[in-house]
Every structure is written in C-alpha cells, then in structure tokens.
Amino acid sequence: MAKTFRTLFIFVWSLFVLTPLSWAVVTSFKPPAAVNNGVTFIPWVQFKPTLSGWKDILGISGYANLFPNLWNSVVITTFSTIISVIFGCFAAYGLSRFNYGWKFYKNPDIIFFFVSQRIMPPVVLSIPFFLFLKTLHLLDTHLGMIIINIAGLMPIVVWLLVDFFNQIPREIDELARLEGCNPFMAFLKVILPISRPGLSVAATFAVIFAWNDLFFALNLTFTNAKTLPAAVVALNGTVTPFWTLSASALFTIIPLVGFAFVAERFLSRGGFAGASR
Amino acid sequence: MQTYKLTNTYYKRAFLLPGLILLVAIIIFPLLFTIRVSLAGWNVSHAGLDFVGGHNWARAFHDRLFWDSMNRLLIFSFFTTILQYVLGFTMAMVAWRGIASRRFFRVLWLIPMMTTPSVMAIVWRSIFREDIGAANGIFHGLGLHPIAWSTEIFPATFTIIIAEVWQWTPFMFLILLAGLLSLPKEPFLAAEIDGASAWKTFWRVTFPMMAPISAGAIVIRLIEASKIFDSIFSLTSAGPGNATETPSYFVWKRYFTEFQISYGATLSLIYLIVAIIVLTIIGQIFARLSKPKGD
C-alpha cells in the first residue's frame, strides 16, 4: 500500500513538475498555425518544428535581442551575490562568536533584525529607491541594481550563515587564537576554508533570488541595465506570440536550471538543517 | 587585560558593523523617506514634499478595494502555504526513505525553485489560455467542458495558486528533507521494536520531532508569500477585473500608472504594518505550539 502510494506520488509529482517546462519547450518550436489553429502537443506528428520563436529573441530576425539582458542579469547577479556574501559572512560570524548588546537589544534581536528585512514588501521601498538612484545618477545602471539587490540578499545570507557558524565548534577558533592569530586572521585562515558548504548554500540562495527578482528590475531599469526577467515580462506586455514568449522564458530559466544540477549537491545535504529552527 | 578587551571590542565591531550599516543604509533611510512621502500630497498634478498631515491615512482606511486586496492576500498565502507544506512534507518523506535514482528525482524536484516566477507565470498563462491553452486542450481531448480560466474568479485564483505551489513547494521540500536527515535515529528504532505501524510512527514520532522545523518552514514561506507580485503581474494582471489583485499589485498601480505617490506610500506602509503584526503573531503562536511538550 505504502509502496504503491510512494511510486504513484513520485510519478504524479514529477509529471506536474515537467508539465509547464515541456509545454514551454514544445511551444517554443511551434509555427504560428500550431498555436492559433487549435491546441497541439506533439512535434513532427501534429506540426513541423521551426526555429522562428528562437530567432525572434536571439536577435536573428530583428524582433528582439535578449543577449544584452542576459549580460545585465549575469553582472548584477554575480556582483550582488559576491558583495552580500562577503558582508553577510563577516556579520554572521560576528553574531555567532561575540556577544553584542545595547541595553536589552541582544544578539538574537540583531539576527531577527536582519532576517525580518525579508518581510519588507519591495513596493514599500520602490519610490525612495527610484528617487535616490535618480539623484545619484544610478537609475538604470548595473551599480544601482547591485546596491538594491544587496538589501534583499543579505538577510538570507546572514540567516543561513549564523546557523552554520554556530555548528562549528568554538574550540577551533580558540586554537587559532593560541597559535597567535587575531580574530580576523582566525576567521579568514581557519573558519572560512572549512565553511565552504555553508557559503555555497548561502551563495546559491543569493543567486536564485538575485536572478529571479522582477519588482526592482521592472521599476528601476529601462534600457541599459534591464535584466532578463524584466525584458521578458516587457515582451509579455506587448503582442508577442506564445512561441516567442516560450523561447524567451526558456532562455531566462536555462542558466539557473543548469546551475541547479551543480547546486543540488550542496542544497540537499543537511547543510542548513538547523536554519529553520 | 585592558588592552585585550579593547582589541576584542574593536574586532567585534569590525565584524558586524559593515554589514549592519549597509543594510540600514539601504533599507531604513528609504523607509523613513516613504513615511515622509505618505504625509505629503504628492500626485500626478502636484509633485513635491509639502505637508498634508494624515489625509492620505484617513483615505486609506476607507479604501474598500485596498482592503479587499488584503483579504485576497490572506487567502492566497493561506492556501498556497498549506498546500506547499503538505506536498513538500510528502515529497521529503518519499525522498528520505530512499527512492530509485534519488539524485535524479531530487534535482528534478528542485528545478521549479530555480526558475524565474515572473517568467514561469507567462508559461502558465499560455497553459491556461481559454482558447489555445494546453489545459483546455487536454480537457477537450478528455471530453470535458473547457474552463473559463481567466474570465471567472475561482479558476483565475486557482491558476495563481497552482503557479505558486509549483514554484515554491521545492523550497518546503528542501527545508523539510534537511530536517528529516538531521533527526536522531533512536526514537525510530524504539518505535520499530514496539512494532508500531508506519502510520503511527509518523504521527507519534516523525511529525512531533519535525514540529520546530515545520513551524520555521511555514513562517518563512508565509513571509515570502505575503509579498506575492510576480506571478500575478505576468499571469492574470490582477484580472478578471481586480479579482486576483494583491496589495503589492494594488500599490504598484497607484504608483506607476496613476502617480499617486503619497497615497501609494501610505497604502504600502499600512501593508507593511499589517504584515509585521500578522506575521509576528503567527510566528509566536507557532513557536509556542512547536515547543516539545513535557520539558
């Protein structure tokens, strides 16, 4: 009984996961008639696959070219991840090893302050961000988007890493201190090298959230720094046909799905088992 | 001794302060600015930071459409999170007990979390198109009536929930699987020796031991669900009418299509305050409930 249920569940859920993805793949190769004249599912049988949807978004047919947007997404994601992991890992290590306090405001409260920033709906900050970036001439630039993204990523990074550092025995730091390291060197030379699993999990989540962000990209970038999601959503707002939209959707998610195969290794290990406690 | 203490304080601050200051600078100053804007009369015909007092706030409390969107958000968050939790837990149990080619399924099940919500919502839109979408195509093939996915309220709400469940159940799965893998082995051995059935072992051993992790996972998902915007923006554009409009979308429209800057700022602050209050209460309740009984 249990075994049948298990097999059935695996089958049904995997089918559910694959449905929208395979529909997007099939649709992206459809000629107009295969979309507009009734629903079709099977290439070669029901329609002859064409590359026109892909040519539309890769700048070949002159309809749209998503490569500059891909570049923007890569630059913004990479730098906002690196910066938030660097600042976040120092803060997280500090919170895990030292006692901070200001009146009755102690370590757990500071950690909660970091994490609670995730509650902030992006829409609350959109107008000030818009005006501040405009004043600083950073609107529609990579640097502007990187600064904005850090605010969303650092809470995740700190939340995951405090817990990870807590699991590393304090004796290791103390040994390093006895060897003559100051706290800074002890962290850089001893703790960081053995923290690779925790850093990988934190960086993976940062990459996912940075790459997938729509709200700020939608409202704070226009042409120069427009990221992939914002560009694809803009296509969705026009009369772009579904075969082109499907191709652009796949173009956006393929880099991260490729990344999933690499990242799964860190993610499903118990790396952040305690983080949710 | 004195110097040791002094340097220790120095290092202590050097670790925490850069990150803390960066976060405060990026978030808190803009937040203060939003509060200031909410007290002004900034709109499409009048730009600037004058002072009109609580006018916008009084107006916001009587804005039926805004509070309707808050109710809708409550429904969306509740149903998506419950579904994600139940399905995510089932997935984690299945993966935990070992399935054939485990890594393959784990990667496959994680993929939705890696995909871009706003972009996947476009794919869902193409599936739920009433005339040329896959869903009605399959229904037609099975001899069933087509469903008005985008013109009726319930089906439209359902499409959003499906998209959200597809997207974020893997996140639940990931946290719950990590939790299951970190559980001690002894209680399960004891249950086995006592001859407890799998069903009983789950309710008496696994589920109670997972309670703190479950509570954490649910609260995290509720926090993220409370900001829902992307899938609504690309999938239904809040339609039909405004039947799937959430506060984020509502405020976004006031801001970027109507330029009611001050009024939008007020609404966004009310949204933030309600979110903080509700999430704090839920967090506290869950923390109490999930504490192990007896000790």
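Protein sequences appear in the order of chains V and U.
Per my numbering, residue 1 is the first one in the first sequence, and the count goes up by one each step.
Per my numbering, residue 1001 is the first one in the second sequence, and the count goes up by one each step.
Cβ coordinates follow ideal geometry from the N, Cα and C atoms, glycine included.
| Query | Result |
| --- | --- |
| Name, please, each residue of chain V whose Cβ falls closer than 8 Å to the Cβ of Met1120 of chain U. | Pro20, Ala249, Ile253 |
| Does DSSP put Asn100 of chain V in a helix, a strand or coil? | The identity of residue 100 of chain V in the sequence shown is Tyr, whereas the question assumes Asn. Looking at Tyr100 of chain V - three-state DSSP - the assignment turns out to be coil, as it is neither helix nor strand. |
| Span of the alpha helix (DSSP H) holding Phe205 of chain V? | 196-212 |
| Would Met185 of chain V pass as an interface residue toward chain U - the criterion being a Cβ-Cβ separation below 8 Å? | no |
| In the structure shown, what three-state DSSP assignment does Pro1112 of chain U receive? | helix |
| Under DSSP, the alpha helix (DSSP H) around Val1044 of chain U begins and ends at which residues? | Segment: none, Val1044 of chain U is in no alpha helix (DSSP H) and carries neither H nor E. |
| Pick from V:Lys189, V:Ser248, V:Ile147: whose alpha carbon is nearest that of Leu75 of chain V? | Note on residue identity: the sequence assigns Val, not Leu, to residue 75 of chain V. Among V:Lys189, V:Ser248, V:Ile147, the Cα nearest to that of Val75 of chain V belongs to V:Ile147. |
| Among V:Pro229, V:Asn149, V:Asn107, V:Val232, which residue has its Cα nearest to the Cα of Leu125 of chain V? | V:Asn149 |
| Within 10 angstroms of the Cβ of Lys1185 of chain U, are there 16 or more other Cβ atoms? Answer buried if so, exposed if not. | exposed |
| Would the beta-carbon of Met154 of chain V fall within 8 Å of that of Leu1023 of chain U? | yes |
| Do we get a CB-CB distance below 8 Å when we pair Gln46 of chain V with the residues of chain U? | no |
| On the DSSP letters alone, give me the boundaries of the alpha helix (DSSP H) that Ala225 of chain V sits inside. | Ala225 of chain V -> no alpha helix (DSSP H), and no H or E assigned at all. |
| In angstroms with no decimal places, state the Cα-to-Cα distance between Ile119 of chain V and Val158 of chain V. | 15 Å |
| Between the Cα of Ile1127 of chain U and those of V:Gly258, V:Pro229, V:Gly38, V:Thr204, spot the shortest distance and give me the residue it belongs to. | V:Gly38 |
| Beta-carbon separation of Val17 of chain V and Leu1108 of chain U under 8 Å? | yes |
| For Leu58 of chain V, write down the residues that DSSP places opposite it in a beta bridge. | V:Asn65 |
| Count Cβ pairs between the stretch 1182-1202 of chain U and the stretch 1219-1231 of chain U that sit closer than 8 Å; are there 3 or more? | no |
| Please state the DSSP three-state secondary structure of Phe47 of chain V. | strand |
| Helix, strand or coil, according to DSSP, for Lys1291 of chain U in the structure here? | coil |
| Terminal residues of the continuous alpha helix (DSSP H) containing Pro1155 of chain U? | 1153-1181 |
| Is Phe9 of chain V near the ligand ZN - that is, is its Cβ less than 7 Å away from at least one heavy atom of it? | Within the structure as shown, the ligand ZN is missing, as the structure has no ligands at all. |
| Mind checking if Leu192 of chain V is an interface residue toward chain U, Cβ cutoff 8 Å exclusive? | no |
| For the pair the stretch 42-52 of chain V and the stretch 1121-1136 of chain U, tell me if three or more CB-CB distances fall below 8 Å. | no |
| Taking the alpha carbon of Val115 of chain V as the reference point, which residue from U:Leu1074, U:Ser1290, U:Ile1220, U:Pro1187 has its own alpha carbon closest? | U:Ile1220 |
| Pull up the CB-CB distance for Ala1163 of chain U and Ser1248 of chain U, whole angstroms please, since I reckon it's below 8 Å. | Going by Cβ atoms, the distance from Ala1163 of chain U to Ser1248 of chain U rounds to 15 Å, so no, they are not a contact pair. |
| Is the separation between the beta-carbon of Phe165 of chain V and that of Ser96 of chain V shorter than 8 Å? | yes |
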